[in-house]
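Those letters in the sequence shown? Residues 91 to 193, per my numbering, in order.
Beta carbons: idealized from backbone N, C-alpha and C, even for Gly.
Below you'll find the structure, written out as structure tokens, and then a few comments.
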Amino acid sequence: IMYGRWGRSWVALFDPVGPVEAWPDLIWQFIETARSNGCRAVFYQVSPRGLAYYADAGLRAFRLGELAEVDLTRFEMKGGKWATLRHQVGRGQRDGLEFSVVD
């Protein structure tokens, strides 16, 4: 299992590498090892065929980052955190790109 540490989370990228028959044990071992180290196991970008194995291990599946809702009446691109976006919008406008909001 390929993983990296982020705070107290061990984040595994993709499903385990190896035969599918070995996945349940690998998933359980990963979860237990993370817990024994005071951390939690996280699996990111897993395949649909492995979802049952993760559920059997007591994990919940949800989609991450696929839905963003922005209240356009209150949205402003002010401040330093929006500088890159402002730069990209300006470049697009100079290149002749346009966009519009469609209701």
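Assignment of beta-bridge partners to W96 by DSSP yields S99. In this structure, G128 sits near R98, with a CB-CB distance shorter than 8 Å. Closest by C-alpha distance to A147, out of R130, I117, L103, Q183, is I117. In the displayed model, F152 falls within coil according to three-state DSSP, outside both helix and strand. The three-state secondary structure of A147, taken from DSSP, is coil.
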